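Participant: Before we start, here is the structure in question, set down as structure tokens.
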């Protein structure tokens, strides 16, 4: 079995895989932008914020505080929020 000869350097630049926009987006450097994020919130029916003991830095928000956080998310360029209700049970 013989190996096919390699084409000269200028002819083998392999750019054809990067001609379409979708392939360029697929192989470009990874960038995380605010528009790629989802802000998650744990919401409760009461007033104020309550720390979640099992998740340091996470708080249960009142509906009023969750609305304020949603406005802040929008202002930061975060396009989506995920609301997790806290149900006493």
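Numbering (our numbering), first residue to last: 1024 to 1112. For glycine and all other residues, C-beta sits at the position ideal for the given N, C-alpha and C. Fair warning: this is a prediction, and the values are worked out from it, not measured in the lab.
When DSSP builds the beta bridges, which residues end up paired with residue 1082?
Facilitator: 1074, per the DSSP bridge assignment.
Participant: Distance check for residue 1053 and residue 1072, CA to CA, integer angstroms please.
Facilitator: About 35 Å.
Participant: Confirm, please, whether the CB-CB distance from residue 1062 to residue 1104 is below 7 Å.
Facilitator: Yes; because the gap between Cβ atoms is below 7 Å, this pair is in contact.
Participant: Which residue or residues does DSSP assign as beta-bridge partners of residue 1066?
Facilitator: Paired residues: 1084, 1108.
Participant: Here's the rule: buried if 16 or more other CB atoms are within 10 angstroms of the residue's CB, otherwise exposed. What is residue 1049?
Facilitator: The residue in question, residue 1049, is exposed, as its Cβ has fewer than 16 Cβ neighbours within 10 Å.
Participant: For residue 1067 and residue 1096, I'd like the C-alpha separation in whole angstroms.
Facilitator: Roughly 19 Å separates the two Cα atoms.
Participant: DSSP state of residue 1103, grouped into three classes?
Facilitator: Three-state DSSP puts residue 1103 in a strand.
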